[in-house]
Amino acid sequence: MSDKIVLTIGIIAHVDAGKTSITESLLHHSGATTSLGSVDKGSAITDDLTMEKRRGISIKSAFVNFSWNNRLFQLVDTPGHIDFAAEVDRSLSILDAVILVVSAKEGVQAHTINLWESLVERKLPVIIFFNKIDRAGVDVEQVFLDFQKDLGAKIFALNYPDLSNPDKPKLVSFPNCPNHIDSTIIDQSMENLAECDESFLEQYLVGDTSDLEQIVEKGMQHIKSGALYASLFGSAKLGLGITELLNCISSLIPPPKNDDSTAAAKVFKVIFHEKKGRLAYIKSYGGILKSKDLIHSQQLDKDIKINQILKPKLGNLVQCSELHPGEIGVITTSELILSGDVLGSENLSDKYSKISNAVLDVQVIAKDEKDYQKLGDALEILNIEDPKLDFQWFKVEKEFHLKILGPIQTEVLKENLLDRWTIETEFKQPKIIYKETPSHSAEGYVRYWMPKPCWAIMTFLIEPASLGSGVSFTSKVRTSDISNKYINEVKRAIPWSLKQGIHGYEVTDLSITLIEGTEHTVHSNPGDFLLATPMGILRGLE
10 MSDKIVLTIG IIAHVDAGKT SITESLLHHS GATTSLGSVD KGSAITDDLT MEKRRGISIK
70 SAFVNFSWNN RLFQLVDTPG HIDFAAEVDR SLSILDAVIL VVSAKEGVQA HTINLWESLV
130 ERKLPVIIFF NKIDRAGVDV EQVFLDFQKD LGAKIFALNY PDLSNPDKPK LVSFPNCPNH
190 IDSTIIDQSM ENLAECDESF LEQYLVGDTS DLEQIVEKGM QHIKSGALYA SLFGSAKLGL
250 GITELLNCIS SLIPPPKNDD STAAAKVFKV IFHEKKGRLA YIKSYGGILK SKDLIHSQQL
310 DKDIKINQIL KPKLGNLVQC SELHPGEIGV ITTSELILSG DVLGSENLSD KYSKISNAVL
370 DVQVIAKDEK DYQKLGDALE ILNIEDPKLD FQWFKVEKEF HLKILGPIQT EVLKENLLDR
430 WTIETEFKQP KIIYKETPSH SAEGYVRYWM PKPCWAIMTF LIEPASLGSG VSFTSKVRTS
490 DISNKYINEV KRAIPWSLKQ GIHGYEVTDL SITLIEGTEH TVHSNPGDFL LATPMGILRG
550 LE
């Protein structure tokens with residue numbers, strides 16, 4: 010491997026903002042590809058599924074590499090449709106920075122807000138690219154102002170879109186904008202800079218704004234510090250702003266910190282390949298991973314052997330012998346590792362809020378009854394690839410159920426089952442997934458002591474919590490009454506104790522406090538507290 014800095018950049022947006030077109034332009038302008046791929050013509054490298062080519066939308070995240078200014082960029086092109094937000098969540102967990110694409114025609118859209126909230130929570134560096142400035146009727150200044158207002162972001166425009174000739178839009182770099190100094194975009198950018206730079210504030214108040222080179226240098230300093238967000242205007246279709254975007258991501262995004270000397274990696278995606286079998290996509294965070302290495306799986310709590318290492322290269326997977334820190338790769342192993350697993354001893358868990366919270370439950374039926382078992386096996390594979398499906402197989406009722414985000418996802422699942430397993434399916438009318446929460450406080454008492462040997466006596470105080478706060482647990486019981494090893498079993502049992510409440514839905518937004526309880530020095534064992542916890546909590550909810 011060369012001495013290039015390795016950066017993982019995600020490109021995200023509301024559907025149809027032009028992400029994949031920008032990805033193809035970045036590849037072409039950087040010299041990674043000789044010809045420009047097109048979504049409309051079905052030649053985009055990152056849309057390699059037949060369904061993606063047919064529909065003209067991205068369904069899965071794709072990974073491509075290119076180099077610019079001695080930096081290696083691993084670009085992750087993500088789906089824009091909310092139905093495939095689980096792919097975005099998995100990608101966000103391994104990114105160093107993000108290019109957020111906004112259509113200059115449509116402006117901020119519903120999913121743009123979802124994405125922005127997640128980016129702010131994760132504190133990821135963001136470059137905003139206002140695409141499609143060549144579209145008729147575009148009001149670039151209003152789009153710029155709306156973005157700030159709707160998302161509460163202070164942005165600094167590094168270029169200005171000159172649309173004086175609508176048939177030939179052109180871009181003017183910030184230092185070359187003396188003729189546009191009074192435009193809303195440039196003036197608002199300087200006002201945002203003045204709010205976070207006292208020395209420039211004095212200049213701005215007296216109208217000393219002639220040295221645009223100095224101003225843009227100050228702006229870039231505050232972009233690097235995170236006080237401002239960089240924005241660029243352009244058109245992927247015309248190739249406008251792409252070189253500027255390449256220069257931005259290579260100069261404004263700080264190199265990642267990979268200080269770990271021991272091997273560590275995060276599994277962020279698992280797929281089943283027709284020829285290569287089960288593939289686990291990982292990002293390395295420390296040390297060097299090599300084929301045939303043993304590394305600890307935190308989910309499985311055991312060492313696993315890496316059989317092969319592959320790297321994504323322009324839509325293909327190429328075998329290699331090792332993976333360096335910061336690099337994305339694909340491994341094969343005989344163990345069933347899952348998305349979200351951490352390899353090694355480092356704490357790389359992703360505890361941020363998710364965009365992809367399923368809202369619908371749908372039943373899947375095989376049109377041909379003889380495909381019943383085959384469908385069950387196929388859905389189990391799809392569930393490994395996308396755990397958010399939360400596949401449930403009710404064997405007594407002979408029913409298959411999935412959790413989904415929307416109707417387009419069911420159409421894609423239907424095509425997937427037909428293309429990969431030749432199973433024709435029917436998806437029933439989806440049902441809304443509700444959640445339960447207590448309206449007032451109550452106590453839940455449980456005495457689990459027969460038949461001996463067993464003993465777990467507890468009283469839980471259950472209280473309503475604020476909307477969106479989730480579940481919290483505390484114990485006020487002395488360790489002389491219940492020792493820590495049993496309290497840990499109570500904590501472990503709480504998540505699945507709340508999977509199904511009084512009305513059959515998941516329970517959330519509540520505070521649980523263990524206020525009283527006892528163990529028995531002879532009869533108690535960890536399993537008693539694991540079994541008793543759901544009983545006590547359910548009684549409190551009732």
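Add 9 to a position in the sequence shown, counting from 1, and you land on the number used in my numbering.
The beta carbon of each residue, even a glycine, is placed where N, CA and C say it ideally should be.
Subject >> Beta-bridge partners of Glu-435, as assigned by DSSP >> reply: The secondary-structure analysis by DSSP pairs Glu-435 across a beta bridge with Ile-374.
**OP:** Only counting runs of 3 or more residues, tell me where the beta strand (DSSP E) segments fall wholly within the stretch 209 to 265, in order along the chain.
**Re:** Runs found: 238 to 242.
Original post:
From the DSSP output, which residues share a beta bridge with Ser-448?
Top reply: Beta-bridge partners assigned by DSSP to Ser-448: none are found.
Original post:
Less than 8 Å separating the beta-carbons of Ile-471 and Ser-484?
Top reply: Cβ distance not < 8 Å, so Ile-471 and Ser-484 don't count as in contact.
Subject >> Close beta carbons around Thr-446, own chain, < 7 Å, minus the five adjacent residues each side >> reply: Here the set comprises Pro-473, Val-516, Thr-517, Asp-518, Leu-519.
Original post:
So, do the stretch 289 to 304 and the stretch 350 to 360 have three or more beta carbon pairs nearer to each other than 8 Å?
Top reply: By the criterion of at least three beta-carbon pairs nearer than 8 Å, the stretch 289 to 304 is in contact with the stretch 350 to 360.
Original post:
Based on the DSSP secondary-structure assignment, which residues constitute the bridge partners of Ser-67?
Top reply: Answer by DSSP bridge pairing: none, since Ser-67 is not bridged.
Subject >> Closest Cα partner of Asp-191 within the set Asp-176, Tyr-213, His-512 >> reply: Nearest C-alpha to Asp-191: Tyr-213.
Original post:
Which runs of the alpha helix (DSSP H) fall wholly inside the stretch 333 to 420 and span at least 4 residues, in chain order?
Top reply: Scanning the stretch 333 to 420 for uninterrupted alpha helix (DSSP H) segments of 4 residues or longer gives 381 to 394, listed from N- to C-terminal end.
Original post:
If Gly-338 and Ser-293 are in contact, beta carbons under 8 Å, what's the gap, nearest whole angstrom?
Top reply: About 7 Å; that satisfies the 8 Å criterion.
**OP:** Determine which residues share a DSSP beta bridge with Tyr-514 and list them.
**Re:** According to DSSP, Tyr-514 shares a beta bridge with no other residue.
Subject >> Residue of Asp-176, Ala-166, Lys-360, Leu-104 minimising C-alpha distance to Leu-185 >> reply: Residue 185 is actually Asn in this sequence, not Leu. Taking only the C-alpha atoms, the option nearest Asn-185 is Ala-166.
**OP:** Label Met-10 either buried or exposed according to how many other C-beta atoms from any shown protein chain fall within 10 Å of its C-beta, with 16 as the threshold for buried.
**Re:** Unreliable placement is indicated for Met-10, whose pLDDT of 48 sits below 50; no coordinate value is reported for it.
**OP:** Would you give the residue range spanned by the alpha helix (DSSP H) that Pro-543 belongs to?
**Re:** First-last of the alpha helix (DSSP H) with Pro-543: 535 to 550.
**OP:** Compare the Cα-Cα distances from Asp-399 to each of Ile-432, Ile-442, Thr-431 and report the closest residue.
**Re:** When each option's Cα is compared against that of Asp-399, the closest is Ile-442.
Original post:
Whose CA, out of Val-24, Leu-427, Ala-95, Glu-551, lies closest to the CA of Gly-453?
Top reply: Among Val-24, Leu-427, Ala-95, Glu-551, the Cα nearest to that of Gly-453 belongs to Glu-551.
Original post:
Fully enclosed by the stretch 293 to 326, which beta strand (DSSP E) runs are 3 residues long or longer?
Top reply: Taken in chain order, the complete beta strand (DSSP E) segments of 3 residues or longer contained in the stretch 293 to 326 are 303 to 306, 311 to 314, 317 to 322.
Subject >> Where Ile-18 falls: helix, strand or coil (DSSP) >> reply: If DSSP states are grouped into helix, strand and coil, Ile-18 belongs with the strands.
Original post:
Over what stretch of residues does the alpha helix (DSSP H) that includes Phe-156 continue unbroken?
Top reply: Where Phe-156 is concerned, the enclosing alpha helix (DSSP H) stretches over 149 to 160.
Subject >> Endpoints, the beta strand (DSSP E) within which Tyr-495 is located >> reply: Tyr-495 -> not in any beta strand (DSSP E); alpha helix (DSSP H) instead, spanning 493 to 506.
Subject >> Residue from Val-15, Val-531, Gly-549 with nearest C-alpha to Pro-265 >> reply: Comparing Cα positions, the closest option is Val-15.
Subject >> Thr-29 versus Ala-239: straight-line alpha-carbon distance, rounded >> reply: Looking at the two C-alpha atoms, the distance is approximately 21 Å.
**OP:** Helix, strand or coil for Glu-126, going by three-state DSSP, please let me know.
**Re:** Reduced to three states, the DSSP call for Glu-126 is helix.
Original post:
Mind checking Ile-524: buried by the 16 CB within 10 Å criterion, or exposed?
Top reply: A residue is called buried when at least 16 other Cβ atoms come within 10 angstroms of its Cβ; Ile-524 does not meet this threshold and is exposed.
**OP:** Note down, in chain order, each residue of its chain lying with its Cβ closer than 7 Å to the Cβ of Asp-377, except the 5 sequence neighbours on either side.
**Re:** Cβ neighbours of Asp-377 beyond the five flanking positions: Glu-433.
Original post:
Can Ala-113 and Val-135 be called in contact, C-beta distance under 8 Å?
Top reply: Not a contact, by the Cβ cut-off of 8 Å.
Original post:
Is Ile-280 near the ligand ATP, judged by its Cβ being under 7 Å from some heavy atom?
Top reply: The ligand content of the structure shown is nil, which means the ligand ATP is not present either.
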